[in-house]
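Chains as they are written, first to last, in this note's numbering: chain Y, 1 to 280; chain V, 1001 to 1127.
The beta carbon of each residue, even a glycine, is placed where N, CA and C say it ideally should be.
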Amino acid sequence: MSVVELTVLLGAASLVAGFLGALTGLGGGVVIVPLLTLAFGVDIRYAIGASLVSVIATSSGAAAAYVKEGFSNIRIGMFLEVATSTGALLGAFLAGVLSTHVIGIIFGAVLLYSAFQSLHPPVAAPCDDKQRDRLATLLKLHGSFPGECGKQREYCVQCVPMGFGLMFGAGALSGLLGIGSGALKVIALDRIMRIPFKVSTTTSNFMIGVTAAASAGIYLNRGYIDPAVAMPVMLGVSLGALLGSRFLVVTHARLLRFVFAGVILFLGAEVIYSSIMGRL
Amino acid sequence: MNRKTWDDKRLQLLIANLLRAGVLLAAGIVLAGGLVFLARHGSEPFDRRAFQGEPPDLRSVGGVLRGVAALHGRDIIQFGLLVLMATPIARVALAVFGFLRQGDRLYVGITLLVLGLLAYSLGVGRL
Chain Y
1 MSVVELTVLL
11 GAASLVAGFL
21 GALTGLGGGV
31 VIVPLLTLAF
41 GVDIRYAIGA
51 SLVSVIATSS
61 GAAAAYVKEG
71 FSNIRIGMFL
81 EVATSTGALL
91 GAFLAGVLST
101 HVIGIIFGAV
111 LLYSAFQSLH
121 PPVAAPCDDK
131 QRDRLATLLK
141 LHGSFPGECG
151 KQREYCVQCV
161 PMGFGLMFGA
171 GALSGLLGIG
181 SGALKVIALD
191 RIMRIPFKVS
201 TTTSNFMIGV
211 TAAASAGIYL
221 NRGYIDPAVA
231 MPVMLGVSLG
241 ALLGSRFLVV
251 THARLLRFVF
261 AGVILFLGAE
271 VIYSSIMGRL
Chain V
1001 MNRKTWDDKR
1011 LQLLIANLLR
1021 AGVLLAAGIV
1031 LAGGLVFLAR
1041 HGSEPFDRRA
1051 FQGEPPDLRS
1061 VGGVLRGVAA
1071 LHGRDIIQFG
1081 LLVLMATPIA
1091 RVALAVFGFL
1101 RQGDRLYVGI
1111 TLLVLGLLAY
1121 SLGVGRL
């Protein structure tokens, strides 16, 4: 295969991944790595590098719109970025130490979990204290967002230490696997810190770019970011995500979500199998 | 809105514009570099199965800048990716400035800490 042919194929595949990722809200990053490694035979380290770069592009692009509308809570985002960035540095460090088989197996497990979670959202709420969390008040995390009839709706933030801890884990997975780990971030914000769903998803998106940038520098220095691979992936995913966000209103998101979860489930099983067989 | 105040609303708007501009600029540079790269190397066979790691000039900010000056396609792509990585970092720096103007010392500290972690990753990079 020549460089031009591969660039076109990679770009087209990334466009579809970014489009579906934006439509379903699962993000395109999670399918990019298995796509590059399984279908195109790209080394998993180059695949993770390209995925991480595309994650920065899509999250920053989407965050721009959400921040402007006033949904993202900048203080919550900034505070928790301390946890995600530290975790991302640890993850990027581990990526250089662990063998590609181990990384592949962890990746597969995360894929399986993402698919499962998108179909069966967890309901357990470990913290149900209606009182305002003192730490959250100290950090000025409580906020408001534009509600349905033009009024600002206020909300309180709870369980800050636990959310902070889970964010560290989300950052570590992001740095290790080159994904945004938006699903885990939303669990920390929505289920644990009890932040309204719309604020959780948009604030998670806001944080993904900084988290990814924290490990991207280390990836660059290690030589994991290959311009020939990253170029079509970054451009394709960004364009796909942009188109996906325009189509969001008209399509049947439920059915798509189901199909996309099925794809992720299949990819997860395939990645684990390939890792165990030593083909990754 | 008063141009002189730095409330959260104004900070949000500035951050949104910064993010959008950064991504667009990065995509433009990557596309331009990609065209140069494909024009020169497009017909060569592609083999990325084996991991060798990138050559040193594609691994550091200084090396990439030297490559851009020599109009190497790969370095121009890499430069675009650096602009992309710099976008969230610039966003954090803007927030430091915004919180400073608000006189919110706690958040100046928090955002400076995040900025330090990011600078460490891109600047030192070798853990």
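For residue i versus residue j, is the C-beta distance shorter than 9 Å?
i         : j         : result
Y:Val199  : Y:Ser72   : yes
V:Ser1121 : Y:Ala213  : yes
V:Gly1067 : Y:Val3    : no
V:Leu1094 : V:Leu1014 : yes
Y:Ile44   : Y:Ile103  : yes
Y:Met162  : Y:Ala136  : no
Y:Gly175  : Y:Thr203  : no
Y:Leu38   : Y:Gly240  : no
Y:Val82   : V:Leu1100 : no
Y:Gly29   : Y:Leu20   : no
Y:Leu112  : Y:Ile272  : yes
Y:Val67   : Y:Gly180  : no
V:Leu1082 : V:Gly1022 : no
V:Gln1078 : V:Gly1034 : no
Y:Gly77   : Y:Gly171  : no
V:Ile1076 : V:Ala1119 : no
Y:Arg254  : Y:Pro196  : no
Y:Phe40   : Y:Leu89   : no
V:Arg1074 : V:Leu1058 : yes
Y:Ala62   : Y:Asn205  : yes
Y:Gly18   : Y:Leu242  : yes
Y:Thr24   : Y:Phe247  : no
Y:Gly87   : Y:Gly169  : yes
V:Leu1117 : Y:Leu139  : no
Y:Ser60   : V:Thr1087 : yes
Y:Phe258  : Y:Leu119  : yes
V:Gly1098 : V:Arg1010 : yes
Just verifying my parser: in three-state terms, what is the DSSP assignment at residue i?
i         : result
Y:Gln158  : coil
Y:Phe79   : helix
Y:Gly143  : strand
Y:Arg194  : coil
V:Arg1059 : coil
V:Gln1052 : coil
Y:Tyr118  : Here the sequence assigns Ser to residue 118 of chain Y, which means Tyr is not the residue at that position. Helix at Y:Ser118.
Y:Ser174  : helix
Y:Arg279  : coil
Y:Gly2    : Note on identity: in this sequence residue 2 of chain Y is Ser, with Gly being the wrong assignment. If DSSP states are grouped into helix, strand and coil, Y:Ser2 belongs with the strands.
V:Ala1069 : helix
V:Met1001 : The pLDDT assigned to V:Met1001 is 42, lower than 50, so where the model puts this residue is not dependable, and the model offers no usable value.
V:Tyr1120 : helix
Round the Cβ separation of residue i and residue j to the nearest angstrom and send it over; I've been treating them as touching at under 8 Å.
i         : j        : result
Y:Ile192  : Y:Leu166 : 6 Å
Y:Phe145  : Y:Leu80  : Not a contact, Cβ separation roughly 17 Å.
Y:Asp190  : Y:Cys159 : Incorrect: roughly 11 Å between the Cβ atoms, too far for contact.
V:Val1030 : Y:Met231 : 6 Å
Y:Leu177  : Y:Ile48  : 6 Å
Y:Val31   : Y:Val263 : 7 Å
Y:Gly147  : Y:Tyr155 : Actually they do not touch by this definition, with Cβ atoms about 10 Å apart.
For residue i, which option in the options has the closest C-alpha, if you only look at C-alpha atoms?
i         : options                                    : result
V:Gly1053 : Y:Val229, Y:Ala17, Y:Val157, Y:Leu184      : Y:Val229
V:Asp1007 : Y:Gly70, Y:Val160, Y:Gly178                : Y:Gly70
V:Asp1091 : V:Leu1018, V:Leu1117, V:Lys1009            : Just to set this straight, residue 1091 of chain V is Arg in the shown sequence, not Asp. Minimum Cα distance to V:Arg1091 is reached at V:Leu1018.
Y:Ala216  : Y:Tyr46, Y:Glu154, Y:Gly278                : Y:Tyr46
Y:Phe93   : Y:Val271, Y:Phe197, Y:Ile264, Y:Leu220     : Y:Leu220
Y:Gly236  : Y:Ala50, Y:Thr24, Y:Gly41                  : Y:Ala50
Y:Ser288  : Y:Leu90, Y:Arg75, Y:His101                 : Limits of chain Y in this structure are 1 at one end and 280 at the other, which puts residue 288 of chain Y out of reach.
Y:Ser85   : Y:Pro196, Y:Val186, Y:Leu173, Y:Lys68      : Y:Leu173
Y:Gly223  : Y:Gly96, Y:Ala65, Y:Arg254                 : Y:Gly96
Y:Leu267  : Y:Ser114, Y:Ala170, Y:Gly150               : Y:Ser114
Y:Ala22   : Y:Leu184, Y:Gly244, Y:Arg279               : Y:Gly244
Y:Ser238  : V:Lys1009, V:Ala1016, V:Ala1039, V:Ala1027 : V:Ala1027
Y:Leu184  : Y:Phe247, Y:Glu5, Y:Gln117, Y:Met1         : Y:Gln117
V:Pro1045 : Y:Thr58, Y:Ala63, Y:Thr7, Y:Gly278         : Y:Thr7
Y:Ile74   : V:Ala1039, V:Val1108, V:Gly1123, V:Gly1116 : V:Val1108
Y:Pro227  : Y:Gly18, Y:Met1, Y:Leu52, Y:Ala17          : Y:Leu52
Y:Ala65   : Y:Phe168, Y:Leu256, Y:Ala109, Y:Thr201     : Y:Thr201
Y:Glu5    : V:Gln1012, V:Asp1047, V:Arg1010            : V:Asp1047
V:Leu1115 : V:Gly1103, V:Asp1104, V:Val1096            : V:Val1096
Compute every distance between the C-beta of residue i and the non-hydrogen atoms of the ligand FAD, then say whether any falls below 8 Å.
i       : result
Y:Thr84 : Within the structure as shown, the ligand FAD is missing, as the structure has no ligands at all.
- Return the chain-ordered ranges of every alpha helix (DSSP H) run that is complete within the stretch 18-59 of chain Y and spans a minimum of 4 residues. Counting only runs of 4 or more, we get 29-34.
- Task: Would you list, in sequence order, the uninterrupted alpha helix (DSSP H) runs of no fewer than 4 residues that lie entirely inside the stretch 193-265 of chain Y?
- Result: Runs found: 197-222, 227-247.
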